[in-house]
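> Protein sequence lines correspond, in order, to chains A and B. FYI, our numbering numbers position 8 of the first sequence as 34, with every residue one higher than the one before it. FYI, our numbering numbers position 88 of the second sequence as 525, with every residue one higher than the one before it. Cβ atoms here follow ideal geometry from the backbone N, Cα and C, with glycine treated the same way.
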Amino acid sequence: GQQLNQSPQSMFIQEGEDVSMNCTSSSIFNTWLWYKQDPGEGPVLLIALYKAGELTSNGRLTAQFGITRKDSFLNISASIPSDVGIYFCAGRGGSQGNLIFGKGTKLSVKP
Amino acid sequence: GAGVSQSPRYKVAKRGQDVALRCDPISGHVSLFWYQQALGQGPEFLTYFQNEAQLDKSGLPSDRFFAERPEGSVSTLKIQRTQQEDSAVYLCASSLWDRGVGTEAFFGQGTRLTVV
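1) If we define contact as Cβ-Cβ less than 8 Å, is A/F99 a contact residue for chain B?
2) Report yes or no: is there a C-beta of chain A within less than 8 Å of the C-beta of B/P445?
3) Could you tell me if A/I126 is buried or exposed, where buried requires 16 or more neighbouring beta carbons within 10 angstroms of its beta carbon?
4) Got a sec: which bits of the stretch 498-510 of chain B sit with their beta carbon under 8 Å from any beta carbon on chain A, in order along the chain?
5) A/V45: buried (16+ other C-beta within 10 angstroms of its C-beta) or exposed?
6) Less than 8 Å between the beta carbons of B/V553 and B/Q520, yes or no?
7) Which residue's Cα is closest to the Cα of A/G119: A/P69, A/L30, A/N56, A/Q29?
8) Which residues of chain A have a Cβ atom closer than 7 Å to the Cβ of B/P462, listed in chain order?
9) Just by C-beta distance, which residues in the stretch 115-130 of chain A are closer than 9 Å to chain B?
10) Does the beta carbon of A/Q90 come closer than 8 Å to any beta carbon on chain B?
11) Quick check: the Cα distance between A/S134 and B/P507, rounded to an integer number of angstroms?
12) Would you report the Cα separation of A/G163 and B/Q454, rounded to the nearest angstrom?
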């Protein structure tokens with residue numbers, strides 16, 4: 027099935043660093059969402075974006091809905107150990123609520 | 438309940454066996470979605486219910502997959518004659534409605550199916 031292009035696939039962070047990841051699609055979306063998934067759990071919604079150009083923050087997280095409606099990015103500022111996990115972007119463009127997900131960005135702590 | 442509940446959490450099936458996965462959505466949620474998540478991948482859409490009506494089953498990979506939600510609440514995803522490629526985490530999500538601000542879906546913890 028279709029999946030969005032999400033990058034990077036993985037990254038290592040040191041506490042206090044800023045993190046950036048992005049997602050692109052060949053299709054236009056009406057909604058962009060960012061989720062975090064911890065091992066053995068379902069995805070948890072972090073930020074929802076509904077309008078092209080929209081910039082939304084949730085604590086240390088900031089996400090933007092690209093003006094072309096084909097891309098979105100997520101920034102995490104001043105990362106902390108509990109930020110470790112897998113982050114997924116998801117887009118919705120159809121008349122119903124089903125989402126198309128990216129393959130995920132895995133955040134790990136630098137050894 | 439407080440969240441979306443799925444059972445069992447883990448299921449090991451022998452190839453060829455039938456399995457049934459259950460989802461209890463958040464009370465009052467109209468929309469219910471099933472997704473399949475293979476190892477190292479993002480979730481992929483399987484099917485969507487609005488109350489008891491199955492409005493979209495375009496993501497079901499074959500006719501061995503069947504989902505129902507007879508009373509518009511609990512849903513069951515059934516896989517007949519399981520094959521190794523069916524091994525994945527099956528996620529259920531529910532929302533008050535199907536789209537719009539403030540109506541995003543909440544996901545359950547998933548059922549991890551392993552076919553041996």
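From the atom records:
1) no
2) no
3) buried
4) none
5) buried
6) For the 8 Å CB-CB criterion, B/V553 and B/Q520 do not form a contact.
7) A/N56
8) The contacting residues do not exist; B/P462 stays about 13 Å from chain A at best.
9) C115, A116, R118, G120, S121, Q122, G123, N124, L125, I126, F127, G128, K129, G130
10) no
11) Cα-Cα distance, rounded: 43 Å.
12) The question about residue 163 of chain A has no answer, for chain A in this structure spans 27 to 137.
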